[in-house]
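In UniProt numbering, the protein residues as written are 1 to 268.
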């Protein structure tokens with residue numbers, strides 16, 4: 001089967017199904033696992049070169065509406081009558097269901113990995129429930145203008161299951177534009193920087209400390225740069241992100257937790 005993925009989270013989904021060998025093309029941002037990086041790259045996820053995609057004669061294209069603006073690619077796939085699946089997960093449960101959906105389309109039995117995936121989530125939840133504190137987490141997707149996840153997002157779920165809460169979980173939205181003054185007034189316990197599309201090495205916590213009034217914020221000594229690829233892509237790699245978050249905010253409950261087999265084997 002010839003598969004093309006036009007967004008990183010879908011590429012990772014295939015990898016967890018041990019189906020990355022079916023890939024014949026990817027978007028420019030797909031970078032995990034490293035074995036797929038030699039495949040033909042068809043452009044940024046919002047500017048896929050459709051003529052090149054069609055020339056690869058895919059049996060299936062995986063698209064995702066978790067990337068704002070992906071709709072134009074989907075419309076073009078429909079216009080060209082190219083077989084495709086469109087995913088749009090907003091929760092860990094939906095990501096698990098997408099594992100099964102893509103596996104079914106590829107003729108793969110994903111029962112075992114799906115069961116392991118769900119079991120790890122329950123383990124994380126049980127550890128989070130044992131935590132003695134429930135810190136508030138300010139997740140920053142973009143610094144200016146400020147974008148942060150709202151209640152309808154996997155980062156709110158990850159925050160909760162590790163024994164914390166998303167600072168903006170009172171807003172029923174996946175994505176919120178706010179400002180520095182609003183964050184300052186809410187007084188988070190942690191500031192977690194996961195700037196979308198920016199390499200971790202390029203994220204500068206010192207710039208955050210220069211914001212008006214923020215030097216007096218209680219979280220000013222708890223600013224952490226979080227790996228964008230572990231927190232901003234709706235794939236099973238979010239599990240690794242959740243475990244890392246747990247070790248950061250509740251080490252007493254998470255320090256002995258190892259990565260599950262389905263993640264470990266892909267890192268070898």
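All C-beta atoms, glycine included, are put in the ideal place defined by N, C-alpha and C.
The structure displayed is predicted, hence computed values, not measured ones.
Entirely enclosed beta strand (DSSP E) segments - the region 79–166, minimum 3 residues: 84–87, 136–140, 146–149
For residue 171, name the three-state secondary structure that DSSP assigns. coil
Whose C-beta lies closer than 7 Å to the C-beta of residue 10 among residues of the same chain, with five residues either side of it excluded? 62, 64, 87
Would you check if the region 89–100 and the region 67–77 touch, i.e. whether three or more CB-CB distances between them fall below 8 Å? no
Kindly indicate which residue of 222, 262, 127, 238 has the alpha-carbon position closest to the one of residue 161. 127
Own chain partners of residue 49 with C-beta closer than 8 Å, once the 5 adjacent residues on each side are dropped: 42, 43
If we count Cβ pairs, one from each stretch, closer than 8 Å, do we get three or more for the region 140–151 versus the region 179–199? yes
In terms of DSSP beta bridges, what is residue 193 paired with? 140, 225
Which of the three DSSP states is assigned to residue 6 in this structure? coil
Should residue 166 be labelled buried (16 or more other beta-carbon atoms within 10 Å of its own) or exposed? buried
Less than 7 Å between C-beta atoms, sequence neighbours within five positions excluded: which residues of the same chain meet that for residue 29? 8, 44, 45
First and last residue of the alpha helix (DSSP H) that includes residue 25? That residue, residue 25, is in no alpha helix (DSSP H); its beta strand (DSSP E) goes 23–26.
Are the beta-carbon atoms belonging to residue 208 and residue 179 less than 7 Å from one another? no
Determine the direct distance from the alpha carbon of residue 236 to that of residue 229, and round the result to whole angstroms. 11 Å
Neighbourhood of residue 219 by C-beta, 6 Å cutoff - its chain only, sequence neighbours within 5 removed: 188, 189, 190, 191
Can the beta-carbon of residue 171 be found less than 7 Å from the beta-carbon of residue 151? yes
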